[in-house]
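**Student:** Here it is, the structure, as structure tokens.
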Amino acid sequence: MREHAGEYLVCERRSVFALLTLSAGMMGAYTFNLRGGVFCNAQTANVVLMAIAFGAGDWAGGAYYLIPIGAYFLGAFLSEILPSPLRRFGFLRWDTYLVAFECLVLFSIGFIPLTWPDHLVQVLVNFIASMQYNTFRQAEGIPMATTFCTNQLRQVGIGFAKAVRKGDRAALRRALFFLGMLGCFFGGGVLSTLACRLVSVRSIWLNLLPLGIVLIRLVHADLTGERDQLSRKPAGH
């Protein structure tokens, strides 16, 4: 599949997905270390915790989880609705606007004191993580999520199993790709944890490095090489 990389939009490139995954690992570590000890990149835990609370008769406690779940729902909803009207402007792709918006939100979070309720930051991260997850769906034709890594781990296991059983080199290459993405997520978590210890609340600004690189690449592509492809949808949409 690598030999056909030129057929893909910049927003579908593996290097872009690697940077987005790195940033997602940073977000997860940031919210866990400094904003309430939770992971906001996905919602499985919130659904389970809401079910546990309701099962224990804690209706008020359970109802709270509707807020982060609702933020995640809204992120998915808007990221599905907004691309079409924005496409009519013919200036930048939706993917580019989204990364710029993520940078703005994460930059703003760096100014929110730790004395403020953690829920505010958690909901903001829920929202942008959902939008990123729904927008960036395939890395050069390979379906994957950039905001969590359960499927990546599964794909590594599948790929190595096929390589051992059938000598499938393509499966091995695919497994190594997903292993690399796992490494990006892990590396983001490590870097963010170190930054949390050094600069506390402003450690979220570390995310602006990988996202800034992605944003520059997307803007450059939209204004130059992919100017005539702004209406083209990435694979998986």
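The numbering of the sequence shown is our numbering, which starts it at 279 and goes up by one. Even glycine gets a Cβ: it sits at the ideal position worked out from N, Cα and C.
So, with DSSP's three-state summary, where would you put residue 423?
**Tutor:** Walking along the sequence shown from the start, residue 423 turns up at place 145. Coil at residue 423, not helix or strand.
**Student:** Would you mind giving the Cβ-Cβ distance between residue 289 and residue 366, rounded to the nearest angstrom? I have them listed as a contact below 8 Å.
**Tutor:** Locating residue 289 in the sequence shown gives position 11, where the first residue counts as 1. Locating residue 366 in the sequence shown gives position 88, where the first residue counts as 1. Contact flag wrong, Cβ pair sits at about 18 Å.
**Student:** Does the beta-carbon of residue 280 have 16 or more other beta-carbons within 10 angstroms, so that it is buried, or is it exposed?
**Tutor:** The residue given as residue 280 occupies position 2 in the sequence shown. Legend: pLDDT at residue 280 = 46, less than 50; position of this residue unreliable, no value from coordinates given.
**Student:** Kindly indicate which residue of 429, 455, 337, 357 has the alpha-carbon position closest to the one of residue 515.
**Tutor:** What you label residue 515 is simply residue 237 of the sequence shown in a count that begins at 1. It is 357.
**Student:** If I measure Cβ to Cβ from residue 380 and keep anything under 7 Å in the same chain, skipping five residues before and after, which residues do I get?
**Tutor:** Taking the first residue of the sequence shown as position 1, residue 380 is located at position 102. Around residue 380: 406, 410, 489.
**Student:** Do you know how far the Cα of residue 494 is from the Cα of residue 287?
**Tutor:** Translated into the one-based positions of the sequence shown, residue 287 becomes position 9. Translated into the one-based positions of the sequence shown, residue 494 becomes position 216. Taking the straight line from one Cα to the other gives about 14 Å.
**Student:** Do residue 361 and residue 401 come within 8 Å of each other at the CB atom, strictly closer than that value?
**Tutor:** Against the sequence shown, residue 401 aligns to sequence position 123. Against the sequence shown, residue 361 aligns to sequence position 83. No.
**Student:** With DSSP run on the structure shown, which of helix, strand or coil describes residue 302?
**Tutor:** Within the sequence shown, residue 302 is the residue found at index 24, counting from 1. Three-state DSSP puts residue 302 in a helix.
**Student:** Ordered along the chain, which non-local residues of its own chain (more than five positions away) have a Cβ less than 6 Å from that of residue 294?
**Tutor:** Translated into positions along the sequence shown, residue 294 becomes position 16. Cβ-Cβ distances below 6 Å link residue 294 to 492 in the same chain, with the five nearest sequence neighbours on each side left out; the list follows chain order.
**Student:** Helix or strand or just coil, what does DSSP make of residue 416?
**Tutor:** Counting from 1 along the sequence shown, the entry for residue 416 is found at position 138. DSSP, read as helix, strand or coil, puts residue 416 in strand.
**Student:** Quick check: the stretch 447 to 462 against the stretch 373 to 393, are at least 3 beta-carbon pairs closer than 8 Å?
**Tutor:** no
**Student:** Going by other Cβ atoms of all chains shown within 10 Å of its Cβ, with 16 needed for buried, is residue 429 buried or exposed?
**Tutor:** Residue 429 sits at position 151 when you count from the first residue of the sequence shown. With fewer than 16 other Cβ atoms within 10 Å, it is exposed.
**Student:** Tell me the rounded alpha-carbon separation between residue 303 and residue 311.
**Tutor:** For this step, residue 303 is matched to residue 25 along the sequence shown. For this step, residue 311 is matched to residue 33 along the sequence shown. About 12 Å.
**Student:** Can you tell me where the alpha helix (DSSP H) with residue 321 in it begins and where it stops?
**Tutor:** In the sequence shown, the residue the question calls residue 321 occupies position 43. Run containing residue 321: none; DSSP gives neither H nor E here.
**Student:** Exposed or buried, which one is residue 313 when buried takes at least 16 other CB atoms within 10 Å?
**Tutor:** Looking up residue 313 in the sequence shown gives position 35. Result: buried.
**Student:** I'd like to check one pair, residue 458 with residue 296: are the Cβ atoms closer than 8 Å?
**Tutor:** Within the sequence shown, the letter at position 18 stands for residue 296. Within the sequence shown, the letter at position 180 stands for residue 458. In this structure, residue 458 lies closer than 8 Å to residue 296 by Cβ.
**Student:** Leaving out the 5 sequence neighbours to the left and right, which residues in its chain are closer than 7 Å to residue 465 when beta-carbon positions are compared?
**Tutor:** Indexing the sequence shown from 1 puts residue 465 at position 187. For residue 465, where only same-chain residues beyond five positions count, the Cβ hits under 7 Å are 300, 303.
**Student:** Span of the alpha helix (DSSP H) holding residue 452?
**Tutor:** Taking the sequence shown and counting its residues from 1, the one referred to as residue 452 is at position 174. Run containing residue 452: 447 to 477, per the alpha helix (DSSP H) assignment.
**Student:** So, at 6 Å on beta carbons, what are the nonlocal neighbours of residue 480 in its own chain, with the 5 sequence-adjacent residues on each side left out?
**Tutor:** One-based indexing of the sequence shown puts residue 480 at position 202. The residues are 388.
**Student:** Is any heavy atom in the ligand MN found nearer than 7 Å to the beta carbon of residue 451?
**Tutor:** In the structure shown, the ligand MN is absent, as is every other ligand, since no ligand is present at all.
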